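Under my numbering, residues 162 to 512 are what the sequence shown spells out, in order.
Each remark here refers to the structure printed beneath this line.
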Amino acid sequence: MQPNNTTCPICGSDNLTRFNSYKHHCFACGDCNTVFHKKKTGKYLLEYALPRTLCKKILPRQAFLRIFRDIGDFNPADFYDVYAKECTVESEFRRSEVNQLMDQFAVNGITFEGKSVLDISGGPGVVARHLREICDKVVVTEYSEIATRAMRETLGVETVQFDYAKDKLNEIFTEKFDIVLVRSSIIFCPDLDSFIASVGKILKPGGHILIETILPTLGEVFWWQQMEYKFPTIYAQETIEKYFYKNGFSLAYGYREYGSYIGIKQRCTKTISRKLFTWLIDYPMTLAYYALARKSRIPIDQKLHHKMLTQIWKKTEAAQNVQEKPYINYHAGESTKSTHFEYTYNGYLKR
Ligand SMILES: [Zn+2]
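Set out below in structure tokens:
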């Protein structure tokens, strides 16, 4: 694949900087700052050095799939049990994730009581389970049939299979919703413009959509580089905003959060084998590709940090209001503990 026969899927520009990660050819657009990935063909680097058959026997499944290509090594149905179990486990962390979501709306005076809510890619359904207690109606979508079935059977919530690449929301739903949640999933959306247009068609006038997503940084590219089914696109904030304004929304609320992936790894590697994988493979590999990428002057945030955008948009007839409040930037730490950074949420949004 040559850079000169690739163009930006968002703005059509050929002003792209190409760079490599472990499993992908990555492209950063110099005009709209979007990052997109194409999976490499052929063997990944470590596959030349490590014996596949032996590694498949001795490595945990997750570790194996991070180093090797998936050529049908595992039965997808095996994931069902894991997913069904995740639906029912409610840790303190998961509960605080719900609290954070509630506060994002509460600080803007938006309530869930008596509302109808669509939670897009809302697996494993922890949020939906909480919302069904207070909302009039909750529908959760997931990409896989396994996940939608698991949530329906274990949580008793209404579920619908939805694939960003194939389905249109306004063709699936004839009813309209008060609130749509899109948390950490637009990175799988190949056409953000038409997706936001379809959200506009299923929202009631004055309805709200919450969007949460990572923004382009070298950290977001390299810390996820071993994913076998990696999200194809990291949209820039300007791109997201452009499409919301175009499709009749106004910005009600927004903030960014920054945090260290190293901090996240330290907080969430619970088993010895995960710790070993993180510090012997994941971290050195990230540093190696990062050092190479820094030489290429890639036109995005050069830091290795984790960067999250949270926005609430309101459906209006003529959306021209640019948010009047200044944008807030939070840095993850003791005073701003967010579930995005593997902390238990401590209520900082309300302070
Ligand atoms: Zn572009």
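Note that the Cβ used here is the ideal one computed from N, Cα and C, for glycine as well.
For clarity, every value in this text was computed on a predicted model and none was experimentally measured.
Review point. Is any heavy atom of ligand 1 found at a distance shorter than 8 Å from the C-beta of residue 171?
Key: yes
Point to revise | C-alpha gap between residue 312 and residue 361, whole angstroms | key: 26 Å
**Study point:** Endpoints, the beta strand (DSSP E) within which residue 190 is located
**Key:** 185-190
Review point. Leaving out five residues before and five after residue 205 in sequence, what residues of the same chain have Cβ atoms less than 8 Å from its Cβ?
Key: 183, 184, 228, 229 and 230
Point to revise | contact_flag[the segment 423-443, the segment 285-295] where n(CB pairs < 8 Å) is 3 or more | key: no
Review point. Nearest to residue 277 by CA position, among 253, 261 and 294, is which residue?
Key: 294
Review point. In terms of residue numbering, what span does the beta strand (DSSP E) encompassing residue 405 cover?
Key: Unbroken run through residue 405 is the alpha helix (DSSP H), 398-407; no beta strand (DSSP E).
**Study point:** Supposed close pair residue 500, residue 491 - CB separation, criterion 8 Å
**Key:** That belief does not hold up - the Cβ atoms of residue 500 and residue 491 are roughly 13 Å apart, past 8 Å.
Point to revise | For residue 396 and residue 347, believed in contact at Cβ under 8 Å, the rounded distance | key: 6 Å
Review point. In whole angstroms, what is the alpha-carbon distance linking residue 180 and residue 201?
Key: 12 Å
**Study point:** Near ligand 1: residue 166 beta-carbon under 8 Å from a heavy atom
**Key:** no
**Study point:** the segment 327-335 touching the segment 260-276, judged by at least three CB pairs closer than 8 Å
**Key:** no
Review point. Contact check, residue 392 vs residue 349 under 8 Å by CB: the rounded distance?
Key: 5 Å
Exercise for review: Measure the C-alpha to C-alpha separation of residue 301 and residue 363 and round it to an integer number of angstroms.
Suggested key: 14 Å
Exercise for review: Can you have a look at residue 371 and say buried or exposed, based on whether 16 or more other CB atoms are within 10 angstroms of its CB?
Suggested key: buried
**Study point:** ligand 1 heavy atom lying under 8 Å from the CB of residue 350
**Key:** no
**Study point:** Pairwise C-alpha distance: residue 465 and residue 210
**Key:** 27 Å
Review point. Heavy atom of ligand 1 less than 8 Å from the Cβ of residue 429, yes or no?
Key: no
Exercise for review: Could you check what DSSP says for residue 286 in three-state terms: helix, strand or coil?
Suggested key: coil
Practice item. Return yes when at least one heavy atom of ligand 1 lies under 8 Å from the C-beta of residue 192, else no. Key: yes
Point to revise | For residue 379, the nearest candidate out of 306, 430 and 455 (CA to CA) | key: 455
Review point. Over what stretch of residues does the alpha helix (DSSP H) that includes residue 259 continue unbroken?
Key: 253-267
Point to revise | Terminal residues of the alpha helix (DSSP H) in which residue 306 lies | key: 306-316
Review point. Tell me which same chain residues have a C-beta within less than 6 Å of the C-beta of residue 426, skipping the five on either side of it?
Key: 439
Review point. Do residue 199 and residue 167 have their C-beta atoms within less than 9 Å of each other?
Key: yes
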